[in-house]
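Chemist: Below you will find the structure I want to go over with you.
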Amino acid sequence: MKKDLIVIKVGGSVVTDKDKVNPTPRLDVITNLTKQVKKVYSSKKYSLVLVHGAGSFAHPLAKKYNLHQGMKTKEQKLGMALTHQSLYNLNKLVLSALIKQSLPAITLTPHSFITQSGGKLNDFNYQIIKDLLGKDLIPLLYGDVVLDNKWGCSILSGDTIVSYLAKKLKAKKVIFLSDVDGIYDCDPKKNPHAKLIPLINNQNFKKVLAGITSTNKDDVTDEMRGKILSIKNNLAGAKVIIINGFKQISLDLVVDGHQLGTRLEFS
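Residues in the sequence shown are numbered from 19 upward in steps of one, following this note's numbering.
Dropping the structure here:
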């Protein structure tokens with residue numbers, strides 16, 4: 019019997035300390051998450067695709083070398099190489115933790131088989147991912163800097179990978195592990211009275227977006243709005259859940275149907 023597919027995205031702010039200038043992994047968090055992944059995989063009910071963010075292993079380098087502007091100079095070429103090296107180091111930590119839990123995870127380096135054009139996906143040969151899933155292996159990918167046929171290079175976010183694969187592979191659930199409990203009506207890190215929004219769907223998403231915009235105007239607000247719109251546009255039909263990646267048992271509970279975090283369900 020074919021297993022249901024779950025795509026899991028672990029945010030860069032969960033696996034790393036994103037505020038640090040130097041690459042700083044959260045090793046205890048990575049270990050805890052791999053233990054939760056093992057529980058899900060060991061149930062033998064699901065196929066899994068794992069994607070992790072870059073956090074402090076890539077964002078400072080991308081900013082230093084202006085990689086969002088592409089790859090035009092000698093310095094930017096070096097910056098791309100250094101960013102790949104740093105991402106490799108982070109992925110190695112995540113992969114090692116998974117293998118330590120006896121999980122058959124296989125890293126797929128995004129820049130080796132995905133290209134973009136003007137910062138948008140251009141070519142994504144996902145057959146290898148289907149083949150790995152067919153053999154009950156766990157594909158592991160991450161946000162990366164990839165070749166871009168217009169800009170030289172561009173940043174490929176982990177969220178973009180998740181949206182594409184979940185749609186193409188018809189994922190049953192998509193779970194985002196964040197550094198907060200879900201989506202709030204305002205930034206919970208700044209406002210202790212922020213309220214968690216348990217469900218966002220076709221009926222209330224305009225009201226939610228309007229509420230977020232009216233109470234906040236900052237980068238966090240833009241990020242929340244962008245995430246909601248991206249999920250609505252790209253993941254309609256899938257059960258999408260955003261939960262806290264720092265909790266000890268959030269992942270296995272939400273896979274089993276417990277109501278945690280924010281659910282986003284669009285038809």
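All residues carry an ideal CB built from backbone N, CA and C; glycine is no exception.
Since this is a predicted model, take the numbers as computed values, not measurements.
(1) Under a Cβ-count criterion, where at least 16 other Cβ atoms within 10 Å of its own Cβ denotes burial, should His70 be classed as buried or exposed?
(2) Report the residue ranges of all beta strand (DSSP E) runs contained in full by the stretch 80-135; include only those spanning at least 3 residues, in chain order.
(3) Give the range of the beta strand (DSSP E) segment to which Gly30 is assigned.
(4) What residue from Lys57, Ser175, Lys63 has the CA that sits closest to His86's CA?
(5) Counting only beta-carbon separations shorter than 9 angstroms, does Gln87 have a partner in chain B?
(6) Starting from the C-beta of Thr233, find all residues in its chain whose C-beta is less than 6 angstroms away, skip the five residues before and the five after it, and write them out in chain order.
(7) Let me check one thing: in DSSP terms, what residues is Ser196 bridge-paired to?
(8) Using alpha carbons as the reference points, say which of Phe75, Lys186, Asn107 lies closest to Val67.
(9) Short check: CB of Lys265 to CB of Ile201, under 9 angstroms?
(10) Rounded to the nearest angstrom, what separates Ser61 and Val47 at their Cα positions?
(11) Going straight from the alpha carbon of Leu247 to that of Leu45, what length do you get?
(12) When the Cα atoms are used, what is the spatial distance from Ile325 to Lys21?
Modeler: The answer reads as follows:
(1) buried
(2) 123-125, 132-135
(3) Element bounds for Gly30: not the beta strand (DSSP E) but the alpha helix (DSSP H), 30-33.
(4) Ser175
(5) Among the chains in the structure shown there is no chain B, since it carries only a single protein chain.
(6) At Thr233, the pLDDT of 49 sits below 50, so the modelled position is not reliable and the matter cannot be decided from this model.
(7) Asn262
(8) Lys186
(9) no
(10) 22 angstroms
(11) 32 angstroms
(12) Residue 325 lies beyond the residue range present for the chain, which begins at 19 and ends at 285; the question has no answer from this structure.
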